[in-house]
Amino acid sequence: MDRRVWLGIGLILVGILALIHNVGWVDVTSQFVLAVIMVAIGIMALALYLRQDRSLALLIIGLVTLPWGFGIGLYEIGWIGFGLEGNFFLLGVALGFLAVYLHNDRQWWAVIPGGMLLVFDVVSALQDYIYSIGDFTGFLMFFGFGLVFLYLYLIRDEKNHLGWARYPAWASFLFALFLLYIQTDNRIAQIFVSVVLILIGLGLLLAGRKAGEPEEESGAQIQPPDEAAARQEPPEAEQPGEGE
26 MDRRVWLGIG LILVGILALI HNVGWVDVTS QFVLAVIMVA IGIMALALYL
76 RQDRSLALLI IGLVTLPWGF GIGLYEIGWI GFGLEGNFFL LGVALGFLAV
126 YLHNDRQWWA VIPGGMLLVF DVVSALQDYI YSIGDFTGFL MFFGFGLVFL
176 YLYLIRDEKN HLGWARYPAW ASFLFALFLL YIQTDNRIAQ IFVSVVLILI
226 GLGLLLAGRK AGEPEEESGA QIQPPDEAAA RQEPPEAEQP GEGE
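Heads up, the numbering used here is the position in the sequence shown plus 25, with the first residue counted as 1.
Next up, the structure:
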């Protein structure tokens with residue numbers, strides 16, 4: 026990018042900061058200036074990544090500094106509390122891991138820490154602003170963890186052998202249902218868990234029965250080699266004098 030463009034962007038930012046400080050919209054503190062700088066760095070890093078330089082470092086810088094800058098800035102102008110500012114910080118860390126996967130989808134391992142941090146961040150933010158969600162925190166947390174592993178299972182292919190991801194996915198979903206049943210006094214939720222468990226059990230029984238049927242049929246049709254050979258009739262011997 027041309028140096029004049031960078032200089033122009035810098036002058037625009039300085040002018041905006043001076044304007045809002047003089048008008049009195051925002052008290053331009055050092056923290057607010059830091060927030061503006063971080064947002065600007067994030068936007069420029071993502072712009073460079075998308076336009077010309079497909080560098081992983083640029084993608085990480087862009088996805089990390091943007092939420093950090095927004096979190097600090099919104100807190101400084103009083104739009105969010107200190108707790109939600111921490112959620113923006115955690116969001117930046119989660120996006121930093123996910124940037125590795127977005128840059129190269131073969132780096133599937135980054136989905137695990139990035140996805141789990143993202144789930145934890147979202148649930149904690151909901152818990153701070155929706156007080157009635159307290160009884161469902163554990164359920165939402167482990168249900169989200171299950172979705173992370175389910176995603177890994179769905180993107181499996183010949184190079185990424187991710188069939189194992191279905192086991193932690195199922196374990197997370199079942200533990201989420203267990204927490205929903207024991208941590209809430211909501212009778213509807215408990216009935217829902219009971220019905221879901223019954224349906225899952227029936228599904229497993231039907232799947233096991235269908236898996237066993239082809240083996241029985243194939244075993245009834247295939248004959249042992251010795252028995253098949255014994256049933257074959259010996260070829261007829263040529264009679265002497267035939268063909269003369």
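All C-beta atoms, glycine included, are put in the ideal place defined by N, C-alpha and C.
Keep in mind that this is a model prediction, so the values were computed, not measured.
Any idea what DSSP makes of residue i, helix, strand or coil?
i	result
Lys-184	coil
Arg-131	coil
Thr-209	coil
Ile-85	helix
Thr-90	helix
Ile-216	helix
Ser-80	coil
Trp-104	coil
By alpha-carbon positions, which one of the options ends up nearest to residue i?
i	options	result
Arg-79	Asp-182, Val-125, Ala-214 and Ser-149	Val-125
Tyr-74	Ile-86, Ala-65 and Phe-170	Ile-86
Leu-199	Leu-179, Ile-223, Ile-213 and Tyr-176	Ile-223
Leu-84	Val-118, Gly-188 and Leu-142	Val-118
Phe-145	Gly-169, Arg-131, Leu-127 and His-128	Gly-169
Ser-149	Trp-189, Gly-233, Ala-72 and Gly-108	Gly-108
Ala-201	Leu-187, Gly-188, Val-221 and Ala-190	Val-221
Leu-120	Leu-142, Leu-229 and Ile-213	Leu-142
Glu-183	Ile-213, Ala-232, Arg-131 and Gly-40	Arg-131
Rounded to the nearest angstrom, what separates residue i and residue j at their Cα positions?
i	j	result
Tyr-192	Val-218	20 angstroms
Ser-197	Val-58	43 angstroms
Glu-241	Leu-227	Model confidence at Glu-241 stands at a pLDDT of 47, short of 50, so the residue's coordinates are unreliable; what they give is reported in the following sentence. If I take the Cα positions, the gap works out to 21 angstroms.
Glu-110	Leu-204	29 angstroms
Leu-172	Leu-165	10 angstroms
Gly-159	Leu-151	9 angstroms
Asp-101	Gln-56	Strictly speaking, residue 101 in this sequence is Glu, with Asp absent from that position. The alpha-carbon atoms of Glu-101 and Gln-56 are separated by roughly 7 angstroms.
Asp-153	Gly-67	27 angstroms
Leu-71	Arg-181	28 angstroms
Tyr-206	Ile-225	16 angstroms
Trp-189	Ile-37	52 angstroms
Gly-54	Phe-122	This sequence places Thr at residue 54; Gly is not what is there. C-alpha separation (whole angstroms): 31 angstroms.
Phe-161	Ile-155	11 angstroms
Leu-231	Val-147	37 angstroms
Gln-90	Arg-234	Note that residue 90 is Thr in the sequence shown here, rather than Gln. Going from the Cα of Thr-90 to the Cα of Arg-234 covers about 53 angstroms.
So residue i and residue j are in contact, right, with Cβ under 8 angstroms, and what is the actual spacing, rounded?
i	j	result
Trp-133	Asn-211	Contact flag wrong, Cβ pair sits at about 37 angstroms.
Phe-113	Gly-140	With a Cβ gap of about 18 angstroms, Phe-113 and Gly-140 do not count as contacting.
Phe-167	Ala-194	No, Phe-167 and Ala-194 are not in contact; Cβ-Cβ is about 11 angstroms, not under 8 angstroms.
Pro-92	Leu-116	4 angstroms
Gly-163	Gln-208	6 angstroms
Val-61	Gly-98	7 angstroms
His-128	Leu-81	5 angstroms
Gly-94	Met-63	3 angstroms
Val-136	Tyr-176	7 angstroms
Note the first and the last residue of the continuous alpha helix (DSSP H) segment covering residue i.
i	result
Gly-169	162-179
Arg-76	55-76
Ile-137	136-154
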